[in-house]
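Trainee:
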Amino acid sequence: MNILVVIGIILLIILLGLYAFWLKLLKGKPGRIAGAEVEKKTFDEALVVDVRWRKEYARGHAINAVNLPIKLFKNNSDVLDEYKDKEIILYCVVDVTSRNTEKLLGERGFTKLHIGDGVKQYDYGKAIYSNALLSEFKYRISVSKNKQFLNLGNEILSDEEIKVSPNEIDSILDKLNKDSEIFVYSDKPEESKEVCEKLGLDGFTVINLVEPFKLDRYKNAFYNKNDYIETKDDQEASSCGWA
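Going by numbering that gives the first Met the number 0, 47 is the number at position 48 of the sequence shown; the sequence numbering is gapless.
(1) Excluding five sequence neighbours on each side, which residues of the same chain lie with their C-beta closer than 8 Å to the C-beta of residue 227?
(2) Between the beta-carbon of residue 66 and the beta-carbon of residue 53, is there less than 7 Å?
(3) From the DSSP output, in three-state form, read off residue 66 for me.
(4) Out of curiosity, what's the CA-to-CA distance linking residue 242 and residue 106?
(5) Is it buried or exposed for residue 49, if we count other Cβ within 10 angstroms and need 16 for buried?
(6) For residue 44, which of 2, 87, 78 and 185 has the nearest alpha-carbon?
(7) Considering just the uninterrupted stretch of the alpha helix (DSSP H) at residue 103, what are its terminal residues?
(8) Using DSSP's beta-bridge definition, name the partner residues of residue 49.
(9) Taking the beta strand (DSSP E) that residue 118 falls in, what are its first and last residues?
(10) Tell me where the beta strand (DSSP E) around residue 183 begins and ends.
(11) Do you know how far the Cα of residue 184 is from the Cα of residue 39?
(12) If we count the other Cβ atoms within 10 Å of its Cβ and call it buried at 16 or more, is residue 78 buried or exposed?
(13) Rounding to the nearest angstrom, what Cα-Cα distance links residue 143 and residue 110 in this structure?
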C-alpha cells in the first residue's frame with residue numbers, strides 16, 4: 000500500500016478520534032443542570048459561579064452568575080467559605096474546570112455542589128452586566144475611580160447614593176453617568192435584575208450585588224484583594240479561550 004495512503008488513513012483515524020472526544024466533552028457527564036435552568040435560579044435557591052478566567056466572563060456569562068476563577072481555589076481562597084450551606088452551581092466551558100473546582104471545594108467541606116451546562120453546551124449570551132458577592136462588591140467599590148450608587152432597597156449605604164424603586168428607574172436615568180461604574184444593590188436582589196439589564200443594554204457599566212444588601216454585613220465584610228487582581232500571566236492564559 001502506498002505510504003501516503005497509509006499516512007492519510009492514520010491521520011483520518013486520529014481526526015475521528017479527536018472529534019469523538021470533543022463530542023464527549025460537549026455531552027459532559029450525566030446529572031448536569033441545563034443552562035436554561037441555571038439562569039432561572041434565584042440567590043435564595045442557589046449561587047451560580049462561573050469558574051472561567053475573568054476575560055472570558057466579561058465576554059458573556061449566565062445572567063445570574065458571579066465570576067470566581069478556579070485559580071482562587073487552587074490558591075486556597077476562602078472567598079466562598081461563608082456560603083458552604085448554600086446550593087452552588089458551577090459552570091465553565093465543557094465541564095472540565097467546573098469538575099476540578101467541584102473537587103477542590105469538596106476538599107474544603109462543601110457538600111451542596113452541582114455542575115451546570117458550560118458555554119459550549121448552552122448559549123448564555125453576551126455579558127449585559129456583571130454580578131458580585133458582597134466581598135467583591137466592597138472591593139470593587141474601594142478601587143473604583145468613578146462610581147455611582149444605585150439603591151433599589153431600604154438600607155442606606157452612602158449619602159451620595161441614588162435611591163429609587165425598581166419600577167421608577169426611568170425617572171433617574173438622567174442622573175446616571177455612562178463614564179461611571181454603577182453599583183446596584185437591594186434587600187430584594189431579584190428585583191434588581193430587570194433594572195440591571197435595562198441599564199446594561201443602555202450602555203451603562205453595572206456591578207450588581209446578587210445577594211440581599213445588609214449594611215451590617217457590608218461593614219464587616221472582609222475581602223482579599225488578591226482574589227480579584229489578575230496577574231500578567233492570568234491575562235495571557237485567558238486569551239486561549241479555555242477556562
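Backbone N, C-alpha and C define an ideal beta-carbon position, used for all residues, glycine too.
Note that the structure is a prediction, hence the values are computed from the model and not measured.
Mentor: To lay it out plainly:
(1) 135, 138 and 139
(2) yes
(3) strand
(4) Caution applies to residue 242, whose pLDDT of 42 falls short of 50 and renders its modelled position unreliable; the value that the coordinates give is listed next. Each residue's Cα considered, the two are about 21 Å apart.
(5) buried
(6) 87
(7) 95-106
(8) 66 and 90
(9) Looking at the DSSP string, residue 118 is not in any beta strand (DSSP E), and its letter there is neither H nor E.
(10) 180-184
(11) 19 Å
(12) buried
(13) 35 Å
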